[in-house]
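Residue numbers (the working numbering): 23 to 301.
The beta-carbon is built from N, C-alpha and C at its ideal position, and this holds for glycine as well.
To start, the structure itself, in structure tokens.
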Ligand code: ADP
Ligand code: MG
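In structure tokens form, the structure reads like this:
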């Protein structure tokens with residue numbers, strides 16, 4: 023359950039790998055109940071930002087405040103009750119079953135050596151049913167497909183019942199039906215239980231569709247922050263991705279949607295390479 027004061031403040035972050043900078047001067051405020059997307063090209067620092075918020079990486083400068091307190095000072099179990107994380111890669115090399123993985127989401131609520139209660143199991147089952155992986159419960163995660171495993175990892179984060187969900191490209195390995203299913207679940211949790219959501223999205227159209235506002239990263243810095251209408255524009259996409267696109271409206275929601283322009287369809291392109299204009 024979210025409390026009205028849940029809030030993340032990201033202040034002047036600089037993060038490096040060795041001496042190579044990955045983020046510089048990144049500042050952002052996320053209010054309780056926000057549904058925020060993080061977009062930007064490969065290598066722009068999206069995962070680094072999420073991993074720094076989740077305390078996987080320690081910033082060289084700046085800080086991440088959760089309820090006004092630096093995440094580095096939070097007690098691990100307390101932090102895990104507040105923050106659920108779906109990383110971009112979840113290497114699991116041990117032979118855990120899917121059910122065992124999702125049960126790990128309850129660990130922050132259990133005492134040392136305390137077994138899960140009926141209630142914990144019910145929460146886990148619900149999370150697995152919601153993400154359509156309950157039928158995989160007894161399967162070994164090492165033997166699941168990328169998309170099946172991803173649904174198990176999302177279920178684990180849901181079983182944590184966090185106030186803040188951090189998701190790094192959670193739908194990248196999924197079929198379109200499961201992409202929409204997972205994003206619908208996240209959107210519903212956000213709407214009905216005010217779960218603050220920070221989601222890295224590879225697909226700009228889904229980001230536009232699901233997020234209230236988008237943070238656009240370019241080369242480790244924030245290039246723009248705004249509503250999908252404000253940031254999904256041809257000039258911004260061109261400036262950040264170096265790609266010429268047409269921005270149209272979603273026929274149902276009216277949200278901006280990009281249409282890629284293959285070389286052959288651009289204004290001025292030729293039909294047969296002879297210099298004859300197509301339009
Ligand atoms: P994104 O998620 O936007 O694709 P990342 O945050 O993963 O980008 O990476 C940002 C930059 O940091 C990239 O230049 C990437 O090569 C570099 N980087 C990411 N992870 C590591 C790592 N473990 N060691 C060294 N450099 C890394
Ligand atoms: Mg990434």
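- With 7 angstroms as the limit, the residues whose C-beta approaches any heavy atom of ligand 2 more closely are 68, 69, 110, 190, 191 and 222, in sequence along the chain.
- Under the three-state reduction of DSSP, residue 34 is assigned to strand.
- Two segments are said to touch when three or more pairs of C-beta atoms, one from each, lie closer than 8 angstroms; by this definition the segment 246-256 does not touch the segment 77-88.
- Boundaries of the alpha helix (DSSP H) around residue 101: 98-104.
- The three-state secondary structure of residue 137, taken from DSSP, is coil.
- DSSP links residue 271 through a beta bridge to 278.
- Between the alpha carbons of residue 122 and residue 146 lies a distance of about 10 angstroms.
- Assigned with DSSP and collapsed to three states, residue 127 falls in helix.
- With contacts defined as CB atoms closer than 8 angstroms, residue 106 and residue 182 qualify as a contacting pair.
- Cα atoms of residue 259 and residue 141: separation of roughly 47 angstroms, rounded to the nearest angstrom.
- Non-local C-beta neighbours of residue 203 in its own chain, meaning closer than 7 angstroms and more than five positions away in sequence, comprise 154, ordered along the chain.
- Residue nearest to residue 256 within the set 243, 247, 244 and 270 is 270 (criterion: CA-CA distance).
- From the listed residues 185, 69 and 61, the smallest Cα separation to residue 103 is found for 185.
- The beta carbons of residue 221 and residue 59 sit closer together than 8 angstroms.
- In terms of Cα proximity to residue 275, the closest of 228, 83, 150 and 125 is 228.
- At least one heavy atom of ligand 1 is found less than 7 angstroms from the C-beta of residue 64.
- Of the residues assessed, residue 179 falls on the buried side of the cut-off, its CB having 16 or more other CB atoms within 10 angstroms.
- Within its own chain, the residues whose Cβ lies closer than 6 angstroms to the Cβ of residue 161, once the five positions on either side in sequence are excluded, are 120, listed in chain order.
- Counting of Cβ neighbours within 10 angstroms places residue 64 among the exposed residues, the total staying below 16.
- Relative to ligand 1, even the nearest heavy atom lies 7 angstroms or more away from the CB of residue 232.
- For residue 92, the secondary structure class from DSSP, reduced to helix, strand or coil, is strand.
- Secondary structure at residue 286: helix, using DSSP grouped into helix, strand and coil.
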